[in-house]
Every structure is written in C-alpha cells, then in structure tokens.
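Report on the structure given below.
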C-alpha cells in the first residue's frame, strides 16, 4: 500500500478516535454535571425574606434555607433616602403586604444550579444569589416601584418579570441580569408563562386589586385587564385577549375579567384560568378564542360574602395541571381548601382543608400537587391520583410561590443541621 494512503488512513483513524473521545468526554461531563445537581422545591416565604428548600418529591423533607435579602440594610437605607420610593414601599407593606414587607415573590434557579434568582416586591428588583456564598451576583432594579411574578424560559436562560407599577414585563439574562427586552402590558401585570416550547410569553394583567370598589357595578374602575401574548424572541405583541368580551358572550357579565393564575394543557391548546372574586375556574380554547366551560367549586359556608374582605380580590388563587394533562389542582384560597379536579368531567375530588392556600404547582415526580398554605406557614402535597392529602411540611412566614429548581447535590443551606 502506498505510504501516502497509509498516512491518510492513519489520519482518518486518529480523527475518529479523537471525535469519539471528545464525544464521550462531553457526554461524561454532561452526566457529571447532571449528577452533581439535585432537584428541589423552592418555597418563597414572602414576609420572612427567606426561601425554604425542600426535596422535590417523596417526603418533601427540608434541604436548607436561603436568605434572599442579604442586602436588606442597604436597600432600606436607599428607600429611606428617596421620598417617592419610601411612599411606594410603605404602600406595598400596608396594602399588598397586609402590614408586612414583601421580600420574595418568585424564584428560579440558574441552569447550573449554583444560584437562585428572586423577584423582591418591596425592593422593586430582581437579584441573583450565589448559593455557596449567600452573596448577590447581580441586581436588576425593575421599572417602577414593585417586582412581581416571574417565568423562566424552557432552556432556563431567561426570566421574565412583571414590573407591576410600570405596566410592563422585562426579560433578563438569568446568568448576568442584563435586560434582553421588554413589552407593555395592561394595568398591573401579574403572571407570566412561556408557552409552546418557549415560542411565546403570555402575561396576565389583573388591574387594581387593593381598592374596595369590589361590587360588579364598579368593575370598570379596576383598570385595563387583558392578556398580552408576545413573541419570545422579538418581544413584539402577537395578540391581546380581553376576557370581558368572551365572558359577556356566554352571559357572565358580572364576572371579573382579571385573569389570575392559569394552567395550560401539554399541547398548549387550552388554558384553565381563575378570575377575581370567583370560586372556580374557566376553560379557554385558544384556537377558537372562546371560553368553552365554566366550573364553579364549592363555597365554604364560613367564608364571608363581603368581597372587600377577600385577599387582593382573590377568591381562588392557584391552579396547576398534572403532567399528563388529566387532572387540575385548585387552591381555594378564601374558602380554605384545595381540590383535585378531573379535567374531562370537571368533577372535583375531596376538599382538602388548607389555611389560605395561595399557590399550586407540581412535585418533581409529577405525582402530587403542592400547595402553599400562607395562613399556616406550611406546604401540603395532595396526590393527583386520589385527591387525598399526602403530607404537610413547615416552612417560613407566609409562603406564596413554590417553584421547582436545582441546587448542587451537596448543598445543605445555612440552616440545615
């Protein structure tokens, strides 16, 4: 065989060996990276300024705790030095916070699991906190004077945060805190959801929820409440959806059109959503742009009928869906229960007693619905299959948002024994 051909074959063979070796090394590194993380539940304790970290399934045992306001003294000093910031800070405490500061609304981990990104309403910002050092990596002051709900993109690289007093959503790079884009919304933007594999962002604006003009005849005073759907790459508005027309079309003229928490089917064809003052939820078919079913859930006879006593215009606040799309889990906030609902029949299961449940999400293994009981400082797991309570775990003061995320496998947090 000619020497040149021999050298060529040797070169090809060497290249193949290097390619296979590189591929194996990359796969091994990815596996090592994956193995080095553990899935957890982050529970935001809004009045504490902490996040309790729990196992994501099984017994939901406590893993550790995060101080999400390590810069509290600096932030308070900054607020006290600015009369306008002080007015908003005080208003947030007295109205939305029910006399308490709001230190954590929403939180997500970074893709590498080394940091947690938190929106802090009272401080009007989003921060990234290093889990190893408890120090702030970056801080992003939102437009206006209050930060609210966030959403993380499917690839974990971006977070969208509602700047509730500025009527806009700002999208940030989760690793650097750099703003990537923003879009205008209705009044008081609330929940954000990345849909269709990250193609769109849906934002729900809920309007004014701190006034006492809660009778349906005063609904017009609540502001511009609509859903804004934007392209998640360009942040340009694709469409807006005002549920007022859709509600009127089926005779629900006295219903509020303030869309609260929502859950989408796995194929993104339907949305199930709650509205202010209603003990139940509605089904919205996205293709036909119509409300197709309405489910009224039981009213607790002990619940006051005075709407002004309900928490921020909520009646029920918190809804999630099982991974297979067959069950819904609903937090009956002012009625002090949670229940699992069959999506096909809309028949509810047992009413699981809970103290002001304020959010609903899904466990890491998909078997349970997890609700935050803000009135009892605990989270409770409910079995999607049976509708029965599995367990309750104590957390910090006034838990609200609960999110799945990751931390390093050996992380125990400052409060773990």
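Numbering (this note's numbering), first residue to last: 11 to 427.
Beta carbons: idealized from backbone N, C-alpha and C, even for Gly.
Here the structure is a predicted model, which means the values were calculated and not measured.
How close, in whole Å, do the beta carbons of residue i and residue j come, if the pair is a contact with beta carbons under 8 Å?
{"i": "residue 344", "j": "residue 373", "result": "Not confirmed; about 25 Å, so no contact."}
{"i": "residue 348", "j": "residue 381", "result": "5 Å"}
{"i": "residue 195", "j": "residue 179", "result": "6 Å"}
{"i": "residue 291", "j": "residue 284", "result": "5 Å"}
{"i": "residue 214", "j": "residue 411", "result": "Not really, about 15 Å apart at Cβ, beyond 8 Å."}
{"i": "residue 110", "j": "residue 158", "result": "The pair is not a contact, with the Cβ atoms about 16 Å apart (cut-off 8 Å)."}
{"i": "residue 55", "j": "residue 114", "result": "7 Å"}
{"i": "residue 377", "j": "residue 66", "result": "Contact flag wrong, Cβ pair sits at about 11 Å."}
{"i": "residue 353", "j": "residue 335", "result": "7 Å"}
{"i": "residue 210", "j": "residue 242", "result": "6 Å"}
{"i": "residue 78", "j": "residue 101", "result": "No, residue 78 and residue 101 are not in contact; Cβ-Cβ is about 21 Å, not under 8 Å."}
Can you give me the C-alpha to C-alpha distance between residue i and residue j, rounded to a whole angstrom?
{"i": "residue 332", "j": "residue 92", "result": "46 Å"}
{"i": "residue 137", "j": "residue 370", "result": "24 Å"}
{"i": "residue 269", "j": "residue 248", "result": "18 Å"}
{"i": "residue 175", "j": "residue 183", "result": "22 Å"}
{"i": "residue 3", "j": "residue 397", "result": "This structure gives no information on residue 3, because the portion of the chain shown stretches from 11 to 427."}
{"i": "residue 409", "j": "residue 318", "result": "22 Å"}
{"i": "residue 399", "j": "residue 389", "result": "11 Å"}
{"i": "residue 212", "j": "residue 192", "result": "13 Å"}
{"i": "residue 40", "j": "residue 49", "result": "Per-residue confidence for residue 40 stands at a pLDDT of 40, beneath the threshold of 50, marking its modelled position as unreliable; no derived number is given."}
{"i": "residue 253", "j": "residue 267", "result": "5 Å"}
{"i": "residue 368", "j": "residue 313", "result": "16 Å"}
{"i": "residue 59", "j": "residue 80", "result": "9 Å"}
{"i": "residue 279", "j": "residue 366", "result": "30 Å"}
{"i": "residue 420", "j": "residue 135", "result": "29 Å"}
{"i": "residue 105", "j": "residue 97", "result": "12 Å"}
{"i": "residue 99", "j": "residue 219", "result": "17 Å"}
{"i": "residue 306", "j": "residue 327", "result": "14 Å"}
{"i": "residue 251", "j": "residue 294", "result": "11 Å"}
{"i": "residue 271", "j": "residue 142", "result": "33 Å"}
{"i": "residue 37", "j": "residue 309", "result": "For residue 37, the pLDDT reaches just 41, beneath the cut-off of 50, and the residue's location in the model is therefore unreliable, although a value from the coordinates is still provided. If you take the alpha carbons of residue 37 and residue 309, they lie about 53 Å apart."}
{"i": "residue 277", "j": "residue 240", "result": "18 Å"}
{"i": "residue 423", "j": "residue 236", "result": "40 Å"}
{"i": "residue 297", "j": "residue 198", "result": "26 Å"}
{"i": "residue 281", "j": "residue 90", "result": "43 Å"}
{"i": "residue 256", "j": "residue 329", "result": "21 Å"}
{"i": "residue 401", "j": "residue 356", "result": "25 Å"}
{"i": "residue 340", "j": "residue 350", "result": "6 Å"}
{"i": "residue 264", "j": "residue 73", "result": "46 Å"}
{"i": "residue 156", "j": "residue 173", "result": "6 Å"}
{"i": "residue 289", "j": "residue 375", "result": "29 Å"}
{"i": "residue 35", "j": "residue 383", "result": "For residue 35, the predicted structure reports a pLDDT of 44, less than 50, and the residue's modelled location is therefore unreliable. A value from the coordinates is still provided. In a straight line, the C-alpha of residue 35 is about 45 Å away from that of residue 383."}
{"i": "residue 206", "j": "residue 186", "result": "25 Å"}
{"i": "residue 221", "j": "residue 231", "result": "9 Å"}
{"i": "residue 107", "j": "residue 226", "result": "24 Å"}
In the DSSP assignment, the alpha helix (DSSP H) including residue i goes from what residue to what residue?
{"i": "residue 352", "result": "Per DSSP, residue 352 belongs to no alpha helix (DSSP H); it is in the beta strand (DSSP E), 347 to 352."}
{"i": "residue 361", "result": "Note, residue 361: premise wrong, no alpha helix (DSSP H); not H, not E."}
{"i": "residue 253", "result": "253 to 259"}
Which residue comes first and which comes last in the beta strand (DSSP E) that contains residue i?
{"i": "residue 164", "result": "Segment: none, residue 164 is in no beta strand (DSSP E) and carries neither H nor E."}
{"i": "residue 184", "result": "Run containing residue 184: none; DSSP gives neither H nor E here."}
{"i": "residue 47", "result": "47 to 55"}
{"i": "residue 148", "result": "146 to 151"}
{"i": "residue 322", "result": "Note, residue 322: premise wrong, no beta strand (DSSP E); not H, not E."}
{"i": "residue 67", "result": "First-last for residue 67: undefined, no H or E at that position."}
{"i": "residue 284", "result": "280 to 285"}
{"i": "residue 428", "result": "This structure cannot settle anything about residue 428, because the visible part of the chain is limited to 11 through 427."}
{"i": "residue 434", "result": "The shown model of the chain, from 11 to 427, leaves out residue 434, and the question about it has no answer."}
{"i": "residue 408", "result": "Residue 408 -> no beta strand (DSSP E), and no H or E assigned at all."}
{"i": "residue 471", "result": "Only positions 11 to 427 of the chain appear in the structure, and residue 471 is not among them; the question remains open."}
{"i": "residue 168", "result": "168 to 173"}
{"i": "residue 384", "result": "Premise fails: residue 384 is in no beta strand (DSSP E) and is neither H nor E."}
{"i": "residue 129", "result": "125 to 130"}
{"i": "residue 500", "result": "The structure shown does not extend to residue 500, since the chain is modelled only from 11 to 427, so the question has no answer here."}
{"i": "residue 156", "result": "It is not in any beta strand (DSSP E) - residue 156 carries neither H nor E in the DSSP assignment."}
{"i": "residue 273", "result": "269 to 274"}
{"i": "residue 330", "result": "329 to 331"}
Exercise for the section: Counting only runs of 4+ residues fully inside the stretch 90 to 122, write out the alpha helix (DSSP H) ranges in chain order. Expected result: Listed in chain order, the complete alpha helix (DSSP H) runs (minimum 4 residues) inside the stretch 90 to 122 are 93 to 104.
Handout entry: Segment contact, 8 Å Cβ cut-off, at least three pairs: the stretch 163 to 176 with the stretch 139 to 148
Key = no
Handout entry: Three-pair Cβ contact test at 8 Å for the stretch 128 to 143 versus the stretch 151 to 159
Key = yes
Exercise for the section: Determine contact between the stretch 415 to 424 and the stretch 107 to 127, defined as no fewer than three beta-carbon pairs at a distance below 8 Å. Expected result: yes
Exercise for the section: Scan the stretch 196 to 264 and note each continuous alpha helix (DSSP H) run of 4 residues or more that stays entirely inside, going in chain order. Expected result: 253 to 259
Exercise for the section: With a floor of 3 residues, list each beta strand (DSSP E) that falls wholly inside the stretch 288 to 314, ordered by position along the chain. Expected result: 290 to 295, 300 to 306
Exercise for the section: Determine contact between the stretch 79 to 92 and the stretch 397 to 410, defined as no fewer than three beta-carbon pairs at a distance below 8 Å. Expected result: No: the two stretches stay apart, fewer than three of their Cβ pairs being nearer than 8 Å.
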